[in-house]
Amino acid sequence: MPAAAGFRNYVTFSIVAKRRRAATGLIFNSETSMELPKTLYKFRKFNDLTIKSIIEDTIFFALPETFNDPLDCQPVVEATSTDCALYSIYKRLVSQRIEQEITPNYAPLVSPGESFIAGFSRLNDEVHRLTGSVMEDTLGSACLGKSAGSDDGHETLTAILVKRIQDELRKREQRGVFCLSASNTNVLMWSHYGDNHQGLCLGYSVPEQITGNHEYKLHKVNYAGSRIAKTQDLGRMLDGNANSRDAIDEAAYLAKAEAWSYEDEWRILGPAGNQKGILNLKEIIFGFRCPEYVRTTIQSIISTSGREIIFSEMTVDAQGFNMKKRECIATV
């Protein structure tokens, strides 16, 4: 088969896989009823990574496993379905993950002269085979649990399926998260993330088109939310139900404990790693204890870039505990 034809098959396989993944959920609504803030803030320590992000105009989408809160982005699956339904949900999740994993490597291996239909059928056969192997292992584990002396084999199967579904749910969606705050004067944020007020805070304007972007989604964190993902919602999500999809998204990415509410956090979800052109840097705020050499370095970087950035600095209320921001003039 000519190289061009092989490439067409690869592209077609990829498009089909993407369409199937889109139909499974875990993609946020393009429409939102919330009021978007005009500016969101990222508190940073002054280091090479901060300098690099400013120079290259990039933002870094971190994997949730690196977060300081071990419960963040860790949905807990609750069984609200029969064992038969749990088995079906788990099988569909496994099948979709396997298809997603093997399609990019499989498509270029289509045999010379093989038609697209034949090649795609062979891919489906491989997905079916690998899925069947996983499901046999799951049922085998359930039988072992029963033979080991479990009082109720039904409960053992339920527990195993719930655990496997929970693992699949966490595997299937490895998106990166860029965390921001709607506040730039919070003393705790400056202390925890702004290097004890010696760092800086980057203010980004929020482009309206981000709410309609299918790859990057902006949402406000829900501090009254639950990280429980009900299996009934999972099943409906797999069937394409938008409301159930939103419920799973809420549990997976947007629910945090009330103790974190001081952060006033918003999140953008997107591909993990450094990404460019998502937000517009419009302001740089220096911490109350920010050294002069940090200010000079940052201002020099901006002056050579030609970008119009507002510089501000934090001040402390003389009589209370509040912090205030005031604009400052660049010295370079």
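Residue 0 is where the sequence shown starts when you use numbering that gives the first Met the number 0, and the numbers rise one by one after that. Where is the CB? At the ideal position from N, CA and C, for every residue including glycine. Since the model is a prediction, treat every value here as computed from it, not as a measurement.
Counting along the chain, Glu249 sits inside no beta strand (DSSP E), nor does DSSP assign it H or E at all. In this model, Val176 and Ala254 are separated by some 13 Å (Cα to Cα). Gln298: member of the alpha helix (DSSP H) spanning Glu291 to Ser304, first to last residue. Boundaries around Trp265 are those of the beta strand (DSSP E), Glu264 to Gly269, since no alpha helix (DSSP H) includes it. If you draw a straight line from the Cα of Gly272 to the Cα of Leu62, it is about 8 Å long.
The region 47 to 57 makes no contact with the region 84 to 103, as fewer than three CB pairs between them are under 8 Å. Checking the DSSP bridge columns, you'll see Leu199 partnered with Arg43 and Phe285. Glu77 and Leu160 have their C-alpha atoms roughly 11 Å apart. If the five residues before and after Val133 are omitted, its C-beta is found closer than 6 Å to the C-beta atoms of Val93, all from its own chain and listed in chain order. Ser180 is bridged by DSSP to Tyr40 and Glu264.
Close CB contacts of Tyr192 within its chain, under the 6 Å cut and outside five residues either way in sequence, are with Phe42 (chain order). With a cutoff of 8 Å on beta-carbon distance, Asp263 and Ser190 are scored as not near each other.
Looking at the backbone, the Cα of Phe59 and that of Lys323 are separated by about 28 Å. Around the beta-carbon of Arg306, fewer than 16 other beta-carbon atoms lie within 10 Å, marking it exposed.
In the DSSP assignment, the residues bridged to Thr57 are Lys275.
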